[in-house]
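S.K.: Numbering follows our numbering, in which position 324 of the sequence shown is assigned residue number 440; successive positions increment by one, without gaps.
Here a beta-carbon is modelled for each residue, glycine too, at the ideal position from N, C-alpha and C.
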Amino acid sequence: MQTSQKKTISDGSRRYGDQPMQYQESYCWPPIQNIDAGSQGTHLSAMTSDQYCTLESSSETSAYPVHNSPSTASFSPNESVVSQPNSQSYPSDLQDSSENACGSPTSESYVTHKLRELETAMLGPDSDNLDMYSMTAMPGPNQIVSEAEKWKFLVEMMSRGDLKEALCTCALAIANGDMFTVEWLMSELRQMVSVTGEPIQRLGAYMLEGLVARLASSGSSIYNALRCKEPAGADLLSYMLLLYEACPYFKFGYMSANGAIADAMKDEISVHIIDFQIAQGSQWVTLIQALAARPGGPPRIRITGIDDSTSAYARGGGLDIVGKRLLKLAESYKVPFEFHSAGVSASEIQIENLGIQPGEAVAVNFALSLHHLPDESVGTQNHRDRLLRLVKSLSPKVVTLVEQESNTNTVPFFARFVETLNYYLAIFESIDVTLPRENKERISVEQHCLAREVVNIVACEGAERVERHEPLGKWRSRFEMAGFTPYPLSSFVNSTIKILLEKYSEKYTLEERDGALFLDWMNRPLVASCAWR
């Protein structure tokens, strides 16, 4: 379905052209369906119809208190606000008859139209020329402003069509507990987001759903109930592989880590690699090939893999599938090889699970995995630092770290929301380079590989928030406290990565600083890679 409605969308730095809103039944987000008035206050709920492929809410977790008002309203893809007969969601001088509501201008919502009338009455016909609300955030709770000033700001913001600013304002209203403003902004934002639109519109759909999820509940039910319908394992694996090929993030991380491991193991005859999130084992294909060509012959290689539930589901079985695949590859290159499955999650690992043998040179690989472990901010068990101390006790020749360069672990909700919006916007923009806008597979890749991360960061707290990124500076502090020292990265690998990036886009750049490598998109660091010993 499409509406004839158009809004000018901006990402905060440039204006996009008018885009017809896309509401395809298979891909769009569900509108907020209703606000039920009850004895305990007003409740907002998200539609759960199967006609939408969305982060789904169950009826048990979808309702949340908004404010004590007897109002009811419903939101639909084709209409901004449909007022109910007893609607009192807005001040009485913003109300109008149902006839006027049905005849409101198609270029803006009925509420925005009435707010403009109120604005003109209060501030005069030249109010559009005022620049008193050029700020990027709504006045906070400590600022003394009138309701008229607040709504003036909101109307001005929405008239600019700045989706990024509107999303941040909605998140700030949630942080401030201003549910009246949240309710109105969400109804407006529903008309501005689209999973088939510009990068900011696509990401905005998932950020908005994260805000809905945050208000809906505050436990593990958020991540479990508000998640994309799980595709078949084979389909999920294909989406993962498509993302792997479409963007250089994984290849950058794997190549830089493998370069450090190959350099550290150049004179070893028995190598034991411990991978704390082995996924499909793709990282080790090129390393086995490189070690097979080593002058003097290849070493004996043993890989210990630690699994994760998403990868296991995608491959359709346990780590024995990965082991058999890597063994077959090693045999084809005449490399002595052995695979060992740890059989426990990373947070539960003990030394006895790793099968360390005398005479082995140990390499430990943390590729996009450590940020899933809770630290001291979550509970009394600091698994991040405990695991690093355990790894240090193995006296490894090298430890490789690849992580997203983002700060979402301990920062407060609003700052975390802004950081997530900026970080993932760069990701979504980079995907546009290789996957066409209308490609349905691109929609599936973003929905099944990225959206769940976004919703988890925005919606969840405590132990339920499993996506807890830290910038390299914080990781460096953790490694140094565990007794590690930096291991230099290979300059040859750096030049190889630069050649790889040229095949994707000139907007990708490689930056080397402070003993680490950073993969940037338009000067925004996205992934950092470093090595320790």
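Apart from the five residues just before and just after S573, which ones in its own chain have a Cβ nearer than 6 Å to its Cβ?
M.R.: According to the sequence shown, residue 573 is Ile rather than Ser. For I573, where only same-chain residues beyond five positions count, the Cβ hits under 6 Å are T524, T536, E583.
S.K.: Considering only the alpha carbon of each residue, which of H564, V527, N555, E628 lies closest to G313?
M.R.: N555
S.K.: Would you kindly work out how many angstroms separate the C-alpha atoms of F482 and V514, rounded to a whole number?
M.R.: 11 Å
S.K.: Grab me the residues of R130's own chain with a C-beta within less than 7 Å of its C-beta, minus the 5 sequence neighbours each way, in chain order.
M.R.: With a pLDDT of 37 at R130, under the threshold of 50, the modelled position of this residue cannot be trusted; read the value that follows with caution. Same-chain partners within the cutoff: there are none.
S.K.: Tell me whether the region 447-462 and the region 364-381 touch, counting them as touching only if at least three CB pairs, one residue from each stretch, are closer than 8 Å.
M.R.: As far as the Cβ criterion goes, the region 447-462 does not touch the region 364-381, which means the pair count is below three.
S.K.: Quick one: any contact between the region 540-559 and the region 303-317, if contact means 3 or more CB pairs under 8 Å?
M.R.: yes
S.K.: Starting from I389 and walking both ways along the beta strand (DSSP E), at which residues does that stretch end?
M.R.: 386-391
S.K.: Would you identify the three-state DSSP class for R532, choosing helix, strand or coil?
M.R.: helix
S.K.: Below 8 Å, how does it come out for the region 599-618 and the region 501-521: are there three or more Cβ pairs, yes or no?
M.R.: When C-beta atoms of the region 599-618 are compared with those of the region 501-521, three or more pairs fall below 8 Å, so the two segments count as touching.
S.K.: Hey, would you say N277 sits closer than 9 Å to M323, going by beta carbons?
M.R.: According to the sequence displayed, residue 277 carries Gly and not Asn. No. Outside cutoff.
S.K.: Distance, Cα to Cα, M295 vs L642?
M.R.: 33 Å
S.K.: Candidates Q393, L407, G432, D391: which alpha carbon is nearest G349's?
M.R.: G432
S.K.: Quick one: what's got a C-beta closer than 8 Å to P241's C-beta in the same chain, skipping five residues either side?
M.R.: With a pLDDT of 45 at P241, under the threshold of 50, the modelled position of this residue cannot be trusted; read the value that follows with caution. Correct list: empty, nothing qualifies.
S.K.: Spell out a yes or no on whether the region 433-453 and the region 472-489 are touching, meaning 3 or more CB-CB pairs, one atom from each, closer than 8 Å.
M.R.: no
S.K.: Using the rule of at least 16 other Cβ atoms within 10 Å of the residue's Cβ for burial, across every protein chain shown, is N639 buried or exposed?
M.R.: exposed
S.K.: Do the region 503-511 and the region 592-600 touch if we need at least three Cβ pairs shorter than 8 Å?
M.R.: Touching, per the Cβ criterion.
S.K.: I'd like to confirm the pairing. Which residues does DSSP put opposite G421 in its beta bridges?
M.R.: D391, S457
S.K.: Between I419 and A282, what straight-line distance do the alpha-carbon atoms span, to the nearest angstrom?
M.R.: 48 Å
S.K.: Using 8 Å as the threshold, is the region 369-383 in touch with the region 462-479, meaning 3 or more CB pairs across them?
M.R.: yes
S.K.: From K440, S372, R416, A395, pick the residue whose C-alpha is nearest to that of A98; which is it?
M.R.: What is shown of the chain runs 117 to 649, which leaves residue 98 out entirely.
S.K.: Name, in chain order, the residues that DSSP records as bridge partners for S645.
M.R.: V518, L633
S.K.: If you draw a straight line from the alpha carbon of Y449 to that of Q405, how long is it in whole angstroms?
M.R.: 7 Å
S.K.: Per DSSP, what kind of secondary structure is Y620 in: helix, strand or coil?
M.R.: coil
S.K.: Measuring alpha carbon to alpha carbon, tell me which residue in R500, L626, E464 is nearest R592.
M.R.: R500
S.K.: From which residue to which residue does the alpha helix (DSSP H) around A329 run?
M.R.: For A329, the enclosing alpha helix (DSSP H) begins and ends at 315-332.
S.K.: Let me check understanding here. Comparing Cα to Cα, which of V460, E263, G413 lies closest to P452?
M.R.: Nearest neighbour of P452 by Cα position, chosen from V460, E263, G413, turns out to be G413.
S.K.: Report buried or exposed for R568, applying the criterion of at least 16 other Cβ atoms within 10 angstroms of its Cβ.
M.R.: buried
S.K.: Hey, how far is the Cα of S425 from the Cα of H487?
M.R.: 16 Å
S.K.: Just verifying my parser: in three-state terms, what is the DSSP assignment at Y449?
M.R.: Y449: coil per DSSP, three-state reduction.
S.K.: For Q396 versus S354, is the C-beta distance shorter than 9 Å?
M.R.: At a Cβ-Cβ threshold of 9 Å, Q396 and S354 do not count as neighbours.
S.K.: Can you check DSSP and say which residues form a bridge with R416?
M.R.: S386
S.K.: Compare the Cα-Cα distances from E521 to each of F529, F530, A542, S509 and report the closest residue.
M.R.: The residue with the shortest Cα to Cα distance from E521 is A542.
S.K.: Per DSSP, what kind of secondary structure is V549 in: helix, strand or coil?
M.R.: helix
S.K.: Straight-line CA distance for W145 to P587?
M.R.: Because the pLDDT of W145 is 30, which lies under 50, any placement of that residue in the model is unreliable, and the number read from its coordinates should be weighed accordingly. Each residue's CA atom was taken as its position, placing W145 and P587 some 31 Å apart.
S.K.: Hey, V494 and A579: beta-carbon distance below 9 Å or not?
M.R.: In this structure, A579 lies closer than 9 Å to V494 by Cβ.
S.K.: Helix, strand or coil, according to DSSP, for N639 in the structure here?
M.R.: It is coil, neither helix nor strand.
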